[in-house]
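Engineer: Quick one: structure below, then a few questions.
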Amino acid sequence: MQLLQVELADRSYPICIGDDLISNAGLLKKTIQGRQVCIVTNSVVAPLYLEALKKTLSDYQIDQVILPDGEKYKTLDVWSKIFDTLLSARHNRSTTVIALGGGVVGDMAGFAAASYQRGVDFIQIPTTLLSMVDSSVGGKTGVNHPMGKNMIGAFYQPKLVMADISLLKTLPARELSAGLAEIIKYGLISDSDFFVWLENNIDQLMQGNVEALTYAVKRSCENKAFVVGKDERESGLRAILNLGHTFGHAIETAQGYGNWLHGEAVAAGMVMAADLSWRRGAISETDLQRIIQLLIRAKLPVKSPANMTDEEFLSLMGVDKKVMDGRLRLVLLQAMGKAEVTSDINLEQLRQTFAACRAA
Ligand code: NAD
Ligand code: GLY
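Below you can see the structure in the form of structure tokens.
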């Protein structure tokens with residue numbers, strides 16, 4: 016088992032990464048303080064892994080909430096069902112909420128833990144690659160509002176993140192690729208050696224090789240933990256984790272949520288950010304092509320939708336929450352493995368990027 020630490024003073028916590036951790040009772044029991052647990056999961060993950068987790072925790076009072084599957088259910092209404100269970104089963108302030116699922120479940124369960132009786136303990140057991148390398152680490156929790164994604168929520172750190180690589184065996188290939196987009200992101204923003212490792216190991220990752228996946232999750236979590244440890248509430252450095260996301264959010268919104276997976280939109284968005292970085296002279300054309308080729312090998316889209324005009328991009332990027340004081344701010348590359356947040360954007364170059372990255 017690999018062990019990392021997110022360093023946040025009295026809110027520090029471990030990330031455990033390994034195979035078959037879901038049956039590791041000792042690991043969970045060390046973290047759970049009281050006698051009650053509430054497992055929050057969804058209708059896809061429950062039939063696969065809920066019983067195994069309940070067996071591991073058989074000494075506790077266990078209650079469960081099975082949410083409907085999908086981003087469209089990441090709403091305040093559905094979220095409030097978690098409290099119906101917590102209250103009707105009389106969970107007290109020493110209960111522990113356990114998220115068993117992907118990012119949707121993790122974000123909703125974390126926000127419920129942050130809110131129930133003003134905050135109870137929370138454990139993340141991420142079951143998608145994306146949630147193992149991104150959403151389970153760093154304490155961003157919340158739900159969507161009809162007027163914006165992730166607009167209601169809280170920073171609330173878990174007590175433990177337990178990434179059990181064996182749970183990825185059932186993950187659909189498209190979801191695995193979506194997780195790889197965020198993994199490739201770490202290589203680009205802060206770890207050029209890792210980017211080279213990914214170029215050499217992408218095929219093993221695509222085949223679900225446990226050793227390769229364990230290494231990639233560990234290295235990604237190390238990179239994220241470092242950034243979160245320096246800037247928990249995104250007052251500066253943490254924004255670099257959004258490489259490709261401003262372009263990606265525009266694609267997700269224009270195409271309707273659910274048609275493009277988040278990781279797919281981020282992949283096309285990272286190509287756009289890399290293309291603009293190349294136009295600014297920050298990376299070479301060879302490096303731009305390396306980025307595109309790696310994403311293609313991960314079976315991710317590298318072009319924006321043919322039907323998205325410059326004006327649609329600009330208008331959707333203008334309402335993105337990362338725009339401050341009316342100025343467009345983008346995460347761009349300064350070099351391979353180094354990102355910056357800048358509002359010094361040349362509109363003509365940006366339009367060239369839109370044109371170059373649009374599907375024919
Ligand atoms: P998801 O939670 O919707 O999971 C993707 C699909 O895989 C779902 O259908 C799910 O039921 C299924 N699934 C999950 N685990 C499985 C398994 N082991 N086997 C088979 N199927 C499985 O999507 P996601 O990509 O994990 O997360 C996306 C969400 O995460 C978005 O809501 C996004 O806003 C959020 N997010 C949050 C952060 C953060 O920092 N909090 C960061 C990135 C993304
Ligand atoms: N996924 C971006 C962040 O955690 O800040």
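Quick note on the numbering used here: the sequence shown kicks off at 16 and runs consecutively. Backbone N, C-alpha and C define an ideal beta-carbon position, used for all residues, glycine too. Every value quoted in this text rests on a predicted model; they were computed, and no experiment measured them.
Measuring from the CB of D218, is there a heavy atom of the ligand SAH at a distance below 7 Å?
Structural biologist: Looking at this structure, you won't find the ligand SAH anywhere; what it does contain is the ligand NAD and the ligand GLY.
Engineer: Let me know if Q48 comes out buried or exposed under the rule of 16 or more other beta-carbons within 10 Å of its beta-carbon.
Structural biologist: Q48 should be labelled exposed.
Engineer: Does the contact criterion of 3 or more C-beta pairs under 8 Å hold for the stretch 232 to 249 versus the stretch 315 to 332?
Structural biologist: In short, these stretches do not touch, since the Cβ pair count stays below three.
Engineer: What residues are listed by DSSP as bridge partners for R108?
Structural biologist: Beta-bridge pairing links R108 to no other residue.
Engineer: As an exercise, report each continuous alpha helix (DSSP H) stretch of at least 4 residues that is fully enclosed by the stretch 132 to 202, in chain order.
Structural biologist: For the stretch 132 to 202, not a single whole alpha helix (DSSP H) run of length 4 or above is found.
Engineer: If I217 and I32 are in contact, beta carbons under 8 Å, what's the gap, nearest whole angstrom?
Structural biologist: Their Cβ separation, rounded to whole angstroms, is 19 Å, which puts I217 and I32 out of contact at 8 Å.
Engineer: Taking L343 and M332 to be in contact with their CB atoms under 8 Å, please state how far apart those CB atoms are, rounded to whole angstroms.
Structural biologist: Indeed, because the Cβ distance is near 6 Å, the residues count as touching under 8 Å.
Engineer: In its own chain, which residues sit with a C-beta less than 6 Å from the C-beta of I306, not counting the 5 before and 5 after it?
Structural biologist: For I306, where only same-chain residues beyond five positions count, the Cβ hits under 6 Å are A289.
Engineer: Does the beta-carbon of D149 have 16 or more other beta-carbons within 10 angstroms, so that it is buried, or is it exposed?
Structural biologist: With 16 or more Cβ atoms within 10 Å of its Cβ, D149 is classed as buried.
Engineer: Using 8 Å as the threshold, is the C-beta distance between P83 and G117 below it?
Structural biologist: Contact flag unset, no.
Engineer: DSSP three-state label for R342, please.
Structural biologist: Here R342 sits in strand by DSSP.
Engineer: Ignore the nearest five residues each way along the sequence and tell me which others in K336's own chain have a CB closer than 6 Å to its CB.
Structural biologist: The predicted position of K336 is uncertain, since its pLDDT is 44 and thus under 50; a value taken from the coordinates is nonetheless stated next. Closer than 6 Å at Cβ, skipping near neighbours: no residue.
Engineer: Looking at E247: is its Cβ nearer than 8 Å to the Cβ of L19?
Structural biologist: Taking 8 Å as the Cβ cut-off, E247 and L19 do not qualify as a contacting pair.
Engineer: Check the C-beta distance from H260 over to G284 and give it rounded, since I have them as a contact under 8 Å.
Structural biologist: Contact flag correct, Cβ pair sits at about 6 Å.
Engineer: Measuring alpha carbon to alpha carbon, tell me which of I204, G223, I199 ends up nearest W212.
Structural biologist: If we check each option's Cα against that of W212, I199 comes out closest.
Engineer: Would you tell me roughly how many angstroms separate the C-alpha atoms of R26 and L256, rounded to the nearest one?
Structural biologist: Approximately 21 Å, taken between the alpha carbons.
Engineer: Rounded to whole angstroms, what is the Cα-Cα separation between S58 and L68?
Structural biologist: Using only the alpha carbons, I get a separation of about 15 Å.
Engineer: Beta strand (DSSP E) containing A289: first to last residue?
Structural biologist: Not the beta strand (DSSP E): A289 falls in the alpha helix (DSSP H), residues 277 to 294.
Engineer: In angstroms, rounded to a whole number, what distance separates the CA positions of L191 and D34?
Structural biologist: Looking at the two C-alpha atoms, the distance is approximately 17 Å.
Engineer: Would you report the Cα separation of E197 and T46, rounded to the nearest angstrom?
Structural biologist: If you take the alpha carbons of E197 and T46, they lie about 28 Å apart.
Engineer: Under 8 Å, do T156 and M287 count as touching if we go by C-beta distance?
Structural biologist: Going by C-beta atoms, T156 is not nearer than 8 Å to M287.
Engineer: Count the other CB atoms, across all protein chains shown, that sit within 10 Å of the CB of Q308; report buried if there are 16 or more and exposed otherwise.
Structural biologist: Q308 is exposed by the Cβ-count criterion.
Engineer: For A40, which residues of its own chain have a beta-carbon under 6 Å away from its beta-carbon, when the five flanking residues on both sides are left out?
Structural biologist: Here the set comprises T71.
Engineer: Using a Cβ-based criterion (distance less than 7 Å to any ligand heavy atom), does L258 qualify as near the ligand GLY?
Structural biologist: Incorrect: L258 has no Cβ contact closer than 7 Å to the ligand GLY.
Engineer: When the Cα atoms are used, what is the spatial distance from A227 to L195?
Structural biologist: One C-alpha to the other measures close to 12 Å.
Engineer: If you measure from the CB of R253, is any heavy atom of the ligand GLY nearer than 7 Å?
Structural biologist: Checking the Cβ of R253 against the ligand GLY gives yes.
Engineer: The ligand GLY and G382: does any heavy atom of the ligand fall closer than 7 Å to the residue's C-beta?
Structural biologist: Nothing about residue 382 can be read from this structure; the chain reaches only from 16 to 375.
Engineer: If T56 and V120 are in contact, beta carbons under 8 Å, what's the gap, nearest whole angstrom?
Structural biologist: Going by Cβ atoms, the distance from T56 to V120 rounds to 6 Å, so yes, they are a contact pair.
Engineer: My understanding is that D122 touches K89, with C-beta atoms under 8 Å, so please give their C-beta distance in whole angstroms.
Structural biologist: Their Cβ separation, rounded to whole angstroms, is 7 Å, which keeps D122 and K89 in contact under 8 Å.
Engineer: Going straight from the alpha carbon of Q219 to that of V281, what length do you get?
Structural biologist: Roughly 22 Å between the two C-alpha positions.
Engineer: Can you give me the Cβ contacts of M166 inside the same chain, cut-off strictly under 6 Å, excluding the 5 residues immediately before and after it?
Structural biologist: Contacts found: H160.
Engineer: Under 7 Å: does the beta carbon of S150 sit that close to some heavy atom of the ligand NAD?
Structural biologist: Checking the Cβ of S150 against the ligand NAD gives yes.
Engineer: In angstroms with no decimal places, state the Cα-to-Cα distance between V334 and E326.
Structural biologist: Caution applies to V334, whose pLDDT of 47 falls short of 50 and renders its modelled position unreliable; the value that the coordinates give is listed next. Cα-Cα distance, rounded: 13 Å.
Engineer: Among the candidates L102, G168, L258, whose CA atom is the shortest distance from the CA of A354?
Structural biologist: Considering only alpha carbons, the answer is L258.
Engineer: Nearest to A350 by CA position, among L310, N361, S358, L291, is which residue?
Structural biologist: Closest option to A350, Cα to Cα, is L291.
Engineer: Let's test the definition: count the other Cβ atoms within 10 Å of the Cβ of D302 and tell me whether it reaches 16, buried, or not, exposed.
Structural biologist: D302 comes out buried.
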